[in-house]
Amino acid sequence: MQPPKSTLTHSLTLLLLLSITLMIAQVPEPDGAGVQPGVLPDDWIVGGPKCMEVPEFQVHEYNEDFYILRQSGCSHYEKPFLYLIFGDEKAILFDTGAGVAQVFRTVNETIEKWLQRKGRESIPLEVVHTHNHGDHTAGDAQFKNRPNVTFVSAELGEVKKFFGFTQWPEQVVNYDLGNRVLEIFGVPGHEQASIAIYDRQTGVLITGDIVYPGRLYINEPDAFKASIQRMLDFTRNRVVTHVLGCHIEQTDTPYLEYPIGTIYQPNEHRLELSRGHLLELHDVVRDLKGELPRIALRDMTIYPVTPQIWEALRARRKEVEDRQRTSMWNQSQPEETTP
Numbered sequence: 023m024q025p026p027k028s029t030l031t032h033s034l035t036l037l038l039l040l041s042i043t044l045m046i047a048q049v050p051e052p053d054g055a056g057v058q059p060g061v062l063p064d065d066w067i068v069g070g071p072k073c074m075e076v077p078e079f080q081v082h083e084y085n086e087d088f089y090i091l092r093q094s095g096c097s098h099y100e101k102p103f104l105y106l107i108f109g110d111e112k113a114i115l116f117d118t119g120a121g122v123a124q125v126f127r128t129v130n131e132t133i134e135k136w137l138q139r140k141g142r143e144s145i146p147l148e149v150v151h152t153h154n155h156g157d158h159t160a161g162d163a164q165f166k167n168r169p170n171v172t173f174v175s176a177e178l179g180e181v182k183k184f185f186g187f188t189q190w191p192e193q194v195v196n197y198d199l200g201n202r203v204l205e206i207f208g209v210p211g212h213e214q215a216s217i218a219i220y221d222r223q224t225g226v227l228i229t230g231d232i233v234y235p236g237r238l239y240i241n242e243p244d245a246f247k248a249s250i251q252r253m254l255d256f257t258r259n260r261v262v263t264h265v266l267g268c269h270i271e272q273t274d275t276p277y278l279e280y281p282i283g284t285i286y287q288p289n290e291h292r293l294e295l296s297r298g299h300l301l302e303l304h305d306v307v308r309d310l311k312g313e314l315p316r317i318a319l320r321d322m323t324i325y326p327v328t329p330q331i332w333e334a335l336r337a338r339r340k341e342v343e344d345r346q347r348t349s350m351w352n353q354s355q356p357e358e359t360t361p
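In this note's numbering, the protein residues as written are 23 to 361.
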């Protein structure tokens with residue numbers, strides 16, 4: 023027996039309305055938007071003022087299957103964020119940190135605790151990268167040739183091969199961890215192998231170093247503009263709870279950043295940004311032609327770089343880091359860093 027025509031029409035109308043709702047990334051009620059909630063901390067480990075008291079990594083549980091690792095400035099001035107996400111069939115780690123920190127030990131301890139909580143004996147781990155820069159790949163050797171670990175080089179060719187990209191960087195690849203799909207696409211401009219990762223389960227968009235509260239170092243202006251447009255287009259029809267990058271270099275005072283090389287950041291900006299920041303970036307760079315100028319925004323700085331600029335930045339970084347590192351390990355006279 024077929025349903026009455028009015029009932030069928032009503033069902034199709036509801037389906038259409040639901041589809042429209044999903045397409046415009048809006049939901050009819052403030053009921054959580056169907057994503058799994060999580061919590062971000064009020065404060066992250068910032069390095070100091072006494073480095074003897076600071077661990078190499080802070081492990082934060084966003085929720086029981088999503089973890090954020092923040093490396094201490096006492097360990098390395100870059101203070102990168104790493105992301106560890108669990109599905110039913112495998113876990114994935116984005117980035118391996120900076121310097122010589124014992125990242126494998128921290129990640130392994132986190133996995134062991136997760137397994138204990140879930141009553142499981144093991145889960146395969148895949149190690150990939152948001153992009154191919156040393157402050158995100160320094161711990162790679164610690165994961166190579168480990169049992170139950172698949173390591174993927176940060177080289178563009180290896181990234182494309184592993185995720186199955188056939189049209190880089192425009193293609194959106196669905197990558198399943200087991201009842202948890204990540205959507206991954208290319209966002210070059212800062213570095214040619216940069217990727218963005220959208221977690222459908224939490225609505226979090228991980229952006230690496232292409233967008234975060236700090237200096238957006240741009241090596242390829244045209245690619246950067248296209249990547250901002252790509253992220254904006256991608257998020258137009260998706261619920262976005264947070265935009266999470268891999269650094270904080272901005273203070274909590276608008277338009278004020280920490281100097282490159284800063285170890286101790288006692289009043290830093292929050293990690294999380296929103297789609298509104300993508301819109302702001304898009305509006306600023308959309309009509310600019312050719313080389314981008316340096317532009318300070320409220321929560322970040324558009325920061326084009328050349329070899330000469332990199333050389334000056336490295337010299338400034340060494341000066342700031344050397345001065346602060348001495349004071350951070352001097353327990354009797356800790357020095358407050360002035361941005």
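All residues carry an ideal CB built from backbone N, CA and C; glycine is no exception.
- Selection L147, I317 and E143 evaluated against G236 yields I317 as nearest (Cα-Cα).
- Cβ neighbours of E177 within its own chain (closer than 7 Å, five residues either side excluded): N154 and A215.
- When rounded, the separation of the alpha-carbon atoms in S144 and D221 is 23 Å.
- Pairing E83 with R139, the inter-Cα distance amounts to about 13 Å.
- Within its own chain, the residues whose Cβ lies closer than 7 Å to the Cβ of I250, once the five positions on either side in sequence are excluded, are L300, L303, H304 and V307, listed in chain order.
- By the Cβ-count criterion, Y277 is exposed, with fewer than 16 other Cβ atoms from all chains shown falling within 10 Å of its own Cβ.
- For L295, the CB contacts under 6 Å within the same chain, skipping 5 residues up- and downstream, are V265 in chain order.
- A direct Cα-to-Cα measurement between E148 and F173 gives close to 6 Å.
- Around the beta-carbon of I285, 16 or more other beta-carbon atoms lie within 10 Å, marking it buried.
- Looking only at E192, G179, P326 and L104, the smallest Cα-Cα distance to F126 is reached by L104.
- Taking every protein chain shown into account, the CB of M74 has fewer than 16 other CB atoms within 10 angstroms, so this residue is exposed.
- Counted as a single uninterrupted DSSP element, the beta strand (DSSP E) harbouring V203 occupies residues V203 to G208.
- Here the alpha carbons of E51 and P71 stand approximately 45 Å from one another.
- Assignment of D117 by DSSP, reduced to helix, strand and coil, places it in the coil class.
- A direct Cα-to-Cα measurement between I114 and N170 gives close to 12 Å.
- A residue is called buried once 16 or more other Cβ atoms fall within 10 Å of its Cβ, and L227 is buried on that count.
- Nearest to A245 by C-alpha distance, out of K182, V342, E313 and Y99, is E313.
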